[in-house]
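Heads up, the final residue of the sequence shown is numbered 374 in the numbering used here, and it's a clean run with no missing numbers.
C-beta: ideal position from N, C-alpha, C; glycine also.
Notes follow the structure.
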Amino acid sequence: MLEAPRTLVGRELPLPDVGDDDALLRVEACGLCGTDHEQYTGVLPAGFAFVPGHEVVGVLEDVGAGAADRWGVGPGDRVAVEVFQSCRECPACRDGLYRRCQRHGMADMYGFIPVDKEPGLWGGYATHQYLSPDTMIHRVPDGLDPVVATLFNPLGAGLRWGVTVPGTAPGDVVAVLGPGIRGLSVVVAAKEAGAAFVMVTGRGPRDAARLALAARFGADLTVDAAEADPQAALRQACGRDADVVVDVTAKAPEALAQAVKLARSGGTVVVAGTRGSAETPGFWPDLLVFKELHLVGALGVDAPAYRAALDLLASGRHPFADLPRRVEPLEGLEDLVLTMAGEGGAPPPVHGVLVP
Ligand SMILES: [Zn+2]
Ligand SMILES: [Zn+2]
């Protein structure tokens, strides 16, 4: 339980009784992303105390008959849990835009809900997670390891942000800013969509190993933006600017200028990384006009992308099982979160996972 910034403590909560329309999950694995360490350090405002963890895979220990019927699952099934809940009734939910659900939305995401809301078990940093009637879950394909399956989250993002949102098509040139797990996932998604050429950029020695990894995941060109101009490198390698640019950087205010520069006239820039500031050094809005760019933000993932991600992981077509990964039990969780915040002795692992 995160009771205050940097105060992650072990607590016991009673397991709730399950009714007709809800369920109890035994957590097998919970992936960690940038959000986790921002919650921990307090960069991200949160309603303390709460159980963090929002990239959850587990087994249904108990599920009500109504919920089982609606979700198409039964006790013992392995499922992945979406971070957003859906009331299925409000206009946003009926339009399939349940990230904007009027009853839930961003204020009510798994891994963010205060423990004083019953039954308190609203996150994946736990042996068990409560699944409300409004939960969205997906069955994990047989044979897919639960630790690898937690990648349904970043890979779902890669598929939606890298292909669905920009409409990436066969033959496209794609530039990906940011070589983290979401950047790697965008590379895979773009290649699966038939992209002819994919470039990935990082910055500085910290990103060197990740850029090398991007090549293993299908990137045709990797560029250290601290050493070389990505646009010049892209033009030299494939003779033109990018049809699609996907920004999945974290806290890189200069990324927007870089993205707009890399896009061809009429191209699309997807902004999915957040910079945590209003500063956008070098960004020249007139380029949006002169190049007639499509500039689009992407928030979160949806059910079709999550399902496609789980299928793609189960296919074994890409080396996700071999990612540099650190897996910790609850006892090692705080050290893992610190390392992912860049405060540990070692560099952050590409994939950090809790196995409670
Ligand atoms: Zn996350
Ligand atoms: Zn709704």
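- Of all alpha-carbon atoms in Cys111, Ala144, Val74, the one lying nearest the alpha-carbon of glycine 350 is that of Ala144.
- In the structure shown, glutamine 103 adopts extended strand secondary structure according to DSSP, grouped into three states.
- Taking the Cβ atoms as the reference, leucine 239 lies roughly 5 Å from alanine 255, within the contact range of under 8 Å.
- Remark: fewer than three beta-carbon pairs, one from each stretch, lie closer than 8 Å, so the segment 291 to 305 and the segment 210 to 224 are not flagged as touching.
- The beta carbon of glutamate 346 is closer than 8 Å to those of Asp353, Leu354, Gly370, Val371, Leu372, Val373 in its chain, skipping five residues each way along the sequence.
- Per DSSP, glycine 52 is one residue of the alpha helix (DSSP H) stretching across 52 to 59.
- For the set Thr298, Thr219, Pro172, the Cα lying nearest the Cα of valine 263 is the one of Thr219.
- The continuous beta strand (DSSP E) containing glutamate 73 extends over residues 73 to 81.
- In this structure leucine 43 touches glutamate 79 by the C-beta definition: roughly 7 Å separates them, less than 8 Å.
- Residue pairing by DSSP places aspartate 265 opposite Leu195, Val289 in a beta bridge.
- Per DSSP, reduced to three states, the secondary structure at proline 34 is coil, with no helix or strand assignment.
- In the three-state reduction of the DSSP assignment, arginine 228 falls in the helix class, which pools H, G and I.
- Under the 8 Å Cβ criterion, the segment 333 to 347 does not count as touching the segment 123 to 143, having fewer than three qualifying pairs.
- Looking at Ser295, Val36, Ala175, the one whose alpha-carbon comes closest to that of glycine 82 is Val36.
- For the pair glycine 315 and alanine 290, the CB atoms are nearer than the 9 Å cut-off.
- C-alpha of leucine 231 to C-alpha of glycine 174: approximately 19 Å in a straight line.
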